[in-house]
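Novice:
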Amino acid sequence: MSKLVEQLLGVVFAEPEEKEDPPADEGAEEEEDEDDEDEDEEEIEDPLVEIRSKCEGHCPQLKAELEKCAARVSSRSNTEETCTQELFDFLHCVDHCVSEELFKHLK
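Residues 1 to 107, numbered by the UniProt record's numbering, are exactly what the sequence shown covers, in order.
1. Confirm, please, whether the CB-CB distance from F90 to L48 is below 8 Å.
2. Using the Cα positions of S53 and R76, report the straight-line distance between them to the nearest angstrom.
3. Output yes or no for whether 8 Å exceeds the beta carbon distance between C59 and C93.
4. Tell me the rounded alpha-carbon separation between T79 and E65.
5. Let me make sure I understand the geometry here. Which of E56, K68, E86 has the alpha-carbon closest to that of E101?
6. Closer than 6 Å by C-beta to H96: which residues in its own chain qualify, once you throw out the five before and the five after it? Chain order, please.
7. So which of K104, I51, E67 has the shortest CA-CA distance to F88?
8. Please list the segments of the alpha helix (DSSP H) lying wholly inside the UniProt domain "Ubiquinol-cytochrome C reductase hinge" (46-107), counting only runs of 4 or more residues, in order along the chain.
9. Using the Cα positions of E81 and E45, report the straight-line distance between them to the nearest angstrom.
10. Do E86 and C69 have their beta-carbon atoms positioned less than 8 Å apart in this structure?
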């Protein structure tokens, strides 16, 4: 039941994959130097991920509705129901909570 919800949220909140270009023969040393500099810098954590997970708890009724719909859809083999509206309602609620908290963390 919650696997479908996690899959839907995973698709909605998926982070774009980084594409690596194969290094050219010329200037390979320059690229290696740039890579070394990148490794030295700390990677900044995105506060949105933590805030979003906290805000999911602020919308328990909509989350329960989404999970109920997901269970209903996964129990049937031939259905046109997709739980799209339930997902949008839940994400709207989470995003509203996130919008209030996120800008407190930004500089």
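Heads up, the beta-carbon is just placed ideally off N, CA and C, and yes, glycines get one too.
Specialist: Per the coordinate set shown:
1. no
2. As the crow flies, the alpha-carbon of S53 is around 29 Å from that of R76.
3. Cβ distance < 8 Å, so C59 and C93 count as in contact.
4. 18 Å
5. Among E56, K68, E86, the Cα nearest to that of E101 is on E56.
6. none
7. When only C-alpha atoms are compared, the closest one is E67.
8. 47-55, 60-75, 84-105
9. Answer to the nearest angstrom: the Cα atoms are 37 Å apart.
10. The answer is yes: Cβ separation under 8 Å.
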